[in-house]
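*Asks:* In our numbering, the protein residues as written are 839 to 1141. Note that beta-carbon positions come from the ideal geometry of N, C-alpha and C, so glycine has one too. After the structure tokens below, expect a handful of questions from me.
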């Protein structure tokens, strides 16, 4: 095991015994949800996995040490402390300075894969931002998955991003994108986007089959499992479209450009929807955690 990482006893034992483990990011807790809902959600996500015999491995950097699996105090810190938002490029800086950070999808995938974890649940994958042809604003999630052997379960990407460009970039990086029970790529709050997928599977067990074939062929990229939110929990499209149109219009009127656009939009969407978008966010995250646990169990059964 890599000495740069600190695994919890629970995670270390599960990996040594080839039992199912699912990585969980800390940025969704530290930066994506309001207090105290974020602490409640962190505990809930972990509890959901443990109840099905899967070990949760929430990832964060605390006091310069990448932690794979957190104790109660570590979970409290990612919820209550003002932590940096740490992507892959930030990890050595945090380590050298003894600083703390909540890990993004990219950083979580990188660290979890270093620890030998093969399945990761998140809310939505980062992607290519609208207007990226001018700003060059793309999430490091994409380039990290190009070189990181981990299966990420997500509800697609947020509809404020450039979904077509995101899918094109994943294709360029040879990262498989597989719909779970769907041939349409989901767009986070909505079950569908305008973009179809080349491949779909019907069960977590079939995802594990793809993972095994992926390894056998010598591939070192990640795999994206597109897992749409259940229909009864999805945001109503009319309200979604109205809120997004208003938020985009406000950003344009205020002259917000470049990397400032997406944080502005996401904040306004929560406000304009009176919290509805936040509830959908939690529901889809729960669904992804549940599915990731089933994939991890299917993968462990192959060991």
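1. Just curious, the alpha helix (DSSP H) that residue 885 is in, first and last residue?
2. Closest by CA to residue 1014, which one among 1028, 989 and 1029?
3. For residue 1021, is the classification buried or exposed, using 16 other Cβ atoms within 10 angstroms of its Cβ as the cut-off for buried?
4. If you pair each beta-carbon of the segment 935 to 947 with each one of the segment 899 to 906, do three or more pairs fall below 8 Å?
5. Taking all protein chains shown into account, decide if residue 1055 is buried (16 or more other Cβ within 10 angstroms of its Cβ) or exposed.
6. Skipping 5 residues on each side, what residues in its chain have a beta carbon closer than 8 Å to that of residue 984?
7. If we ignore side chains and look at the alpha-carbon of each, how far apart do residue 1107 and residue 1115 end up?
8. Under 8 Å between the Cβ atoms of residue 853 and residue 954?
9. Just to confirm before moving on: does the CB-CB distance between residue 849 and residue 890 stay below 8 Å?
10. Considering only the alpha carbon of each residue, which of 911, 880, 868 and 971 lies closest to residue 924?
11. Under three-state DSSP, which class holds residue 858?
12. What first and last residue would you give for the alpha helix (DSSP H) that runs through residue 1124?
13. Pick from 1140, 1004 and 1117: whose alpha carbon is nearest that of residue 1047?
14. Looking at the secondary structure, which residues open and close the beta strand (DSSP E) in which residue 992 lies?
15. Using the three-state DSSP reduction, which class does residue 1010 fall into: helix, strand or coil?
16. Below 8 Å on the Cβ atoms is my contact criterion, and I expect residue 1152 with residue 1000 to pass it. Report the Cβ-Cβ distance as a whole number of Å.
*Replies:* Quick answer:
1. 875 to 888
2. 989
3. exposed
4. yes
5. exposed
6. 1011, 1012, 1013, 1059 and 1060
7. 7 Å
8. yes
9. no
10. 868
11. coil
12. 1114 to 1138
13. 1140
14. 989 to 992
15. helix
16. An answer regarding residue 1152 cannot be provided, because it is not within the stretch 839 to 1141 covered by the chain.
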